[in-house]
Structures are given as C-alpha cells and as structure tokens.
Amino acid sequence: MEKKLGWHELKNVVSTSYRCGYCGESIASDKGYIGSWPNHPGVQAWILICHRCTRPTFIDDDNVQYPGSLFGDSVKDVSDVSVDRIYAEARRAYSASAYTGSVLCCRKLLMHIAVAKGAKAGDSFASYVEFYAIIILCLPMLRDGGIISGQKVMKRITRSIWRLKKKQRN
C-alpha cells in the first residue's frame, strides 16, 4: 500500500504544468502554497503538490524546479537489479544537477552492460567502450543491414576483432 501525505491548509493556485521530480508523472497541479519575499509584492515562488504521489515541488522566482524532473525515461524489463539501480541513480543525480555523479554512474552502467554481453570483467573502461562500440553498436547494424548474416559468422568476426585488439595492445 502506497503512503500518501496529507497536506494542511492547501491553497488553490494557478494551475502549473510540470513533471514531478519524485514520481516522474507529467501533471498540472492547482494545489499548493504561495511564497513572496518581504517588501516585494506578488508571487515569488510556489510549492506545488503532486496529485499522483502527494510530494512537494518547489518552483523558485526564476521558474527553476526542485527537485528537477528525472532525466530520461524509465526502462522496463531490466533483469539485472544492479543495472536498474545504477540507471535510476544516474537519472536522480542528473535531475539534481550533479552531472559528474551522473557521468560516473553511466560509466559504471556501460561496464555492467558490456560484461553482461560478454566482455571480460575487470578490464579497463576503454576496453569496455571498444567492446560496446564493436559488439553492441556495429555488428547489429551490419547484421540488420544484411551485410553479414548467421550466428557463426558473427562469432567469427567478433573473435577476429578481439584477437586484433589484443595484438595491438601487446
């Protein structure tokens, strides 16, 4: 059972459209609180309440939303729980303007995906990027474009590419 907050003394405010930074729903809230700076007439900021999850969103006088909406879309049917958590953390970091943290999460995500697709665990980040570029991006394009076909051919090409890469490193 999902918990919902009960807010007291809510006011009707001008309906404002935004994407909730908590639940990710695009909504138009007309319930919340109005704020203004002392000695400055008029509305300066709002706290809007999401009618889906009942959590508050602050919108300042520059129309900046806190927390920001989650970047990207959620991904369904992810079998690896750790991959799902890393992706969710990257999205939350980005929405909080913590871009370095988001990039680090995305790097870790790429490493997890590369290992899940057959790359050797413990390799360098550069090797995972190469693996991703070759195995996950290039080969499917060649296969889907009809340039190469058959599982055996794909495996041979993959092995050949990795042998060449090993020779280049040595």
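My numbering applies: residue 2 is where the sequence shown begins, and numbers increase by one.
We put the beta carbon where it would ideally sit given N, CA and C, even for glycine.
What you are looking at is a predicted structure, and each value in this text was computed from that prediction instead of being measured.
Look at the Cβ atom of Y19, then the Cβ atom of R56, and state whether they are nearer than 9 Å. Locating residue 19 in the sequence shown gives position 18, where the first residue counts as 1. Locating residue 56 in the sequence shown gives position 55, where the first residue counts as 1. Cβ distance not < 9 Å, so Y19 and R56 don't count as in contact.
Alpha carbon to alpha carbon, what distance is there between G43 and R86? The residue given as residue 86 occupies position 85 in the sequence shown. The residue given as residue 43 occupies position 42 in the sequence shown. Cα to Cα, the separation comes out at about 42 Å.
Return helix, strand or coil for A46, following the three-state DSSP convention. Taking the first residue of the sequence shown as 1, we reach residue 46 at position 45. Three-state result, A46: strand.
In terms of residues, what are the limits of the beta strand (DSSP E) holding F59? Numbered from 1 along the sequence shown, position 58 holds the residue referred to as residue 59. From DSSP, the beta strand (DSSP E) with F59 extends over P57 to I60.
Could you tell me the alpha carbon to alpha carbon distance between W8 and G69, rounded to whole angstroms? Mapped onto the sequence shown, residue 8 falls at position 7. Mapped onto the sequence shown, residue 69 falls at position 68. Spanning the two alpha carbons is a distance of roughly 21 Å.
One question on the structure: do T58 and L71 come within less than 9 Å of each other, judged by their Cβ atoms? As a working note, residue 58 is residue 57 in the sequence shown. As a working note, residue 71 is residue 70 in the sequence shown. No, Cβ-Cβ distance for T58 and L71 is not below 9 Å.
Buried versus exposed call for A91 [16 or more other C-beta atoms within 10 Å across all chains shown]: What you label residue 91 is simply residue 90 of the sequence shown in a count that begins at 1. The residue is buried, with at least 16 neighbouring Cβ atoms inside 10 Å.
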